[in-house]
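Novice:
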Amino acid sequence: MDFLEGLNPPQREAVAYTGGPLLILAGAGSGKTRVITHRIAHLVHAHRVPPSAIVAVTFTNKAAQEMRERVEGLLGHSYALSELVVSTFHSFCVRLLRRDGTRLAELRPGFTRSFTIYDEDDQLALVKAASRQLGLDEKQFMPYRAALARISHAKNHKLSPPDVYKAAKDLKASRLASVYEEYEGRLRQANALDFDDLLLEAVRLLQHDEDLRRAWNQRIAHLLIDEYQDTNRSQYELMRLLSQVHQNVCAVGDEDQSIYSWRGADINNILDFEADYPNARLIRLEQNYRSTQNILASAGALVAHNRERKGKLLWTSAQGGAPVGFCEAYDAEQEALFIADTIESVLFGNPGDRVAVLYRTNAQSRQIEEALRRYGRKYQVIGGFSFYQRAEIKDILAYLRVLVAPQDSVNLLRIINTPARGLGKSAIEQIERCAREHGLNHWNAILRLLDEKQLPTRAAAALEGFRTLIEGLRETAAVEPLHEVVRAVIEQTGYLKTLEADQTPDAEARQENVTELGNAASDAAARGEGIPEFLDHAALVSEADAIDDQARVCLMTAHNAKGLEFPAVVICGLEEGLFPHSRSLESRAAMEEERRLCYVAMTRAQKRLVLTCARYRRRYGGEHAQASQPSRFLSEIPLEFTEVLGRVAAPPPQVDLAGDQFLVRQAARKNLYTGKTYNSLENIAEFFAARGVATNLPATGAPRTQPPPPRVAPSVRRSKFSVGSSVEHPRYGNGTIVRREGEGEDAKLTVSFPGHGLKKIIAKYAGLKTAE
DNA sequence: TGATTGTTTGCTCCA
DNA sequence: CAAACAATCA
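Residues in the first sequence are numbered consecutively from 794, following the working numbering.
#1: Could you give the distance in angstroms between the alpha-carbon of residue 1252 and the alpha-carbon of residue 1215?
#2: Under three-state DSSP, which class holds residue 1025?
#3: How would you call residue 968, buried or exposed, if buried means at least 16 neighbouring beta carbons within 10 angstroms?
#4: Count the other C-beta atoms from every protein chain shown that fall within 10 angstroms of the C-beta of residue 1032, then say buried if there are 16 or more, exposed otherwise.
#5: Could you check where the alpha helix (DSSP H) with residue 914 kicks off and where it finishes?
#6: For the region 1271 to 1281 and the region 1311 to 1331, state whether three or more C-beta atom pairs, one from each stretch, are separated by less than 8 Å.
#7: Once the 5 residues before and after residue 1036 are set aside, which same chain residues still bring their CB inside 6 Å of it?
#8: With DSSP as the reference, identify every bridge partner of residue 870, one or two as the case may be.
#9: What is the rounded straight-line gap between the Cα of residue 1339 and the Cα of residue 890?
#10: Give a yes or no on whether the C-beta atoms belonging to residue 1148 and residue 1161 are separated by under 9 Å.
#11: Near residue 1176, what residues of its chain come up, given a Cβ to Cβ distance below 7 Å and the 5 sequence neighbours on each side ignored?
#12: Under a Cβ-count criterion, where at least 16 other Cβ atoms within 10 Å of its own Cβ denotes burial, should residue 1388 be classed as buried or exposed?
#13: Considering only their Cβ atoms, is the gap separating residue 1040 from residue 821 smaller than 9 Å?
#14: Going by DSSP, what residue range makes up the beta strand (DSSP E) through residue 1436?
#15: Provide the residue span of the beta strand (DSSP E) that contains residue 1399, from first to last.
#16: Do you know whose CA, among 1022, 1014 and 1010, lies nearest residue 1577's CA?
#17: Using DSSP bridges, identify the partner residues of residue 1591.
#18: Check whether the Cβ atoms of residue 1117 and residue 1403 sit closer than 9 Å, and answer yes or no.
#19: How many whole angstroms separate the CB atoms of residue 831 and residue 867, which I take to be in contact at a CB cut-off of 8 Å?
#20: Consult DSSP for residue 1018 and reduce its assignment to one of helix, strand or coil.
#21: When you compare the CB positions of residue 1227 and residue 1405, do they come within less than 9 Å of one another, or not?
#22: Between residue 1477 and residue 1145, what straight-line distance do the alpha-carbon atoms span, to the nearest angstrom?
#23: Indicate the three-state DSSP secondary structure (helix, strand or coil) for residue 1123 in the structure shown.
#24: Using the Cα positions of residue 1093 and residue 1225, report the straight-line distance between them to the nearest angstrom.
#25: Tell me whether residue 803 is buried or exposed, calling it buried when 16 or more other Cβ atoms sit within 10 Å of its Cβ.
#26: With DSSP run on the structure shown, which of helix, strand or coil describes residue 794?
#27: Taking 9 Å as the cut-off, decide whether the C-beta atoms of residue 1026 and residue 1004 are in contact.
#28: Do residue 1347 and residue 1150 count as a contact pair if the criterion is CB distance below 9 Å?
#29: If the criterion is Cβ atoms closer than 9 Å, does the pair residue 864 and residue 874 meet it?
#30: Identify every residue that forms a DSSP beta bridge with residue 1374.
#31: Please work out which residues of its chain come closer than 7 Å, Cβ to Cβ, to residue 1398, disregarding the five sequence neighbours upstream and downstream, and give them in chain order.
#32: Assess contact between the region 797 to 817 and the region 1328 to 1335, defined as three or more Cβ pairs (one per stretch) separated by less than 8 Å. Is contact present?
#33: Contact defined as beta carbons within less than 8 Å: I believe residue 1286 pairs with residue 1212. What is the distance between those atoms, to the nearest angstrom?
#34: In angstroms, rounded to a whole number, what distance separates the CA positions of residue 813 and residue 1053?
#35: Quick check on the DSSP output: the beta strand (DSSP E) that includes residue 1207 runs from which residue to which?
#36: Excluding the five sequence neighbours on either side, which residues of its own chain have a C-beta within less than 7 Å of the C-beta of residue 1132, listed in chain order?
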């Protein structure tokens, strides 16, 4: 086996180099994953490095799993690859803290290895509670979200609450310091770590526990870090702490794809790598194997407008390709219809291809989903409301957390009256007060209140019932497997009963979600997981982990598209204030990051790239749409690489689709659609005809010259050349009509001929016949 | 208490 | 537009 074969010269050098620190500047589509996997395989096979001595860090769990599989595919089963560590930074840190974190208690009083992980919702609840305790509400203080962002920022810059207090210039900042202090105190009392802590405390543990540090440094002969441009301060320190002995760090990244500075990522980590490791070797991968020349040149021209970069020139041996398409639609709805249309054309021509629709904000997905539903086109939405963020899922998980860790106050307060059991505001206030006065966590405060018997009888009975419930479940949890515990929680708490009794429209969907969680628990139990593992998994899954490789159409944010590739990509909402986002207009650094994000999005495309924007867009679903300007990024792409697919000046006819939109929304919420589906093109025609709109919506978004169709539905005219029917062409053979403009013999038809692509045809001139 | 209704406010991006 | 909050009534 030779893992250097089939690589280009710089790739080969990157795989083979073993002379110390190595920085691989890997442009988009330059075979980065291939290099990393081959490098691991080469180290194991040619250099006899034991798999247990290699640690590779990636950005998502899915990427980690794929990388492991590819290495296994290269090496087969003759090596102990299960000892190879491939994971995300966060997973790595959680495992470190759970296994070897005991001594962190010396730095963080009350810490135990069975700590809880708080996600953003939990953090927000904590900020809220802390603010309220200090008598600060959102209006006189600042929005809780903003406060949380500033606390997180302080933490990541290693500023303690007193530091923040000292640096405070105004009342707001000093108030923030006290909220921060209270927030940290509550975290410790609950033995909880937030996402920042997972990394920060792993760093502190390694700094503090010399034996542990030494053990890891002896073990790790090679450390590989993917997406290095998006590492933050803590991740950088982890890298340094873990590579002290062997110094074999291989960092792979691309400064043009740094898009997570708002999460603390420091682009200087990659820009300064050579300063950090003076003996570092630098290898550039500049040959792109993914995209056509037009796509690559467009993206390259765009990102060339940035100043903060090392600068590189990607090239490809592929020539030309389709020009980058562009469409300016009238409004977001027309934009969505154009996108749906584009997707149909792509998939008619190449049914096996996959298409991604990328947008800047999750809120943009809704209208695109509606358009795709109208076309009966199945799609997968990545991100937005994830499964594990849903209230009912978080409720059940909160029960599990409390069973494992009674001191977890945020989750305890979440479930104490969910479902309602007579413990209202006043009862909870009493518990809060008792906890604060006696320095107890909330669970112990409950026990104390029950002992003292000073509660009103009704509250006392309710609270007693809650205690019995939790203690009973805790006994179940001690002996039963995971899925049985989940089942017990759902039933004994009355959660399922409450949902069944609920008459609101989404109660059914929530029931299904709860059932689904039960299934997930069964799967996890089958893998041998207990409650703690299940909870960690739930806390650490990422949106990108859910991507289905089989899905033909994927909708996601540009951020989520990082590391992926698709034959065809549509980037939408390219308007000033949306992409680039309004919050980035002020600062040059932020604007450059927006541009990098757009660059990332564009370079996902292999063969076809289409960019769209809307002339008018409404915000907050308000009555009036606001005019918007095309994104500056569009003007930064040279015209020679592009073609205009459509431009719209006039408003389209109004269609009342409220009823269907409701169904679609419900479907979107559940991510599945159980109502009537419009799967065939025939049905689409009926669907629109019934509403008085022609099926031939201007795919190009061209201005409508005919008067708008009447509101009252005309009887459906069955022309022999209707959309969806099969036709026979003298030269191209059999095809399917995708679109029809006009009536009868004069109709202008767009027909998809397998092997020949889409053709625009006038029936009577082309000698078109109906097939069959 | 808790369910129902009314009102307000916010939409980055994510592990 | 829709979640989250406040206010009101049963």
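Note that beta-carbon positions come from the ideal geometry of N, C-alpha and C, so glycine has one too.
From a predicted model like this one, the values you see are computed outputs, not experimental measurements.
Specialist: This is what the structure holds:
#1: Straight-line spacing of the CA atoms in residue 1252 and residue 1215 works out to 7 Å.
#2: strand
#3: buried
#4: buried
#5: Segment 913 to 926, the alpha helix (DSSP H) holding residue 914.
#6: yes
#7: Closer than 6 Å at Cβ, skipping near neighbours: 1016 and 1042.
#8: Bridge partners of residue 870: none, in fact.
#9: 26 Å
#10: Against a cut-off of 9 Å, the Cβ pair of residue 1161 and residue 1148 comes out as no contact.
#11: 1155, 1336, 1349, 1350 and 1353
#12: Flag for residue 1388 reads buried.
#13: no
#14: 1435 to 1440
#15: 1398 to 1410
#16: The chain is shown from 794 up to 1565; residue 1577 falls before or after that span and cannot be answered.
#17: For residue 1591 there is no data in the structure shown, the boundaries of the chain being 794 and 1565.
#18: Closer than 9 Å, so yes.
#19: 7 Å
#20: strand
#21: no
#22: Legend: pLDDT at residue 1477 = 30, less than 50; position of this residue unreliable, value from coordinates given subsequently. Going by the C-alpha atoms only, they are around 22 Å apart.
#23: strand
#24: 57 Å
#25: Buried, by the Cβ-count rule.
#26: Correct three-state label for residue 794: coil.
#27: No, they are not a contact pair.
#28: yes
#29: Contact: yes.
#30: Paired residues: 1370 and 1371.
#31: 1084, 1088, 1359, 1361 and 1362
#32: no
#33: 7 Å
#34: 28 Å
#35: Counting along the chain, residue 1207 falls outside any beta strand (DSSP E), though it belongs to the alpha helix (DSSP H) covering 1202 to 1208.
#36: Annotation for residue 1132: 1150, 1161, 1164, 1363, 1365 and 1405 place their beta carbon closer than 7 Å to its own, counting only its chain and skipping 5 residues before and after.
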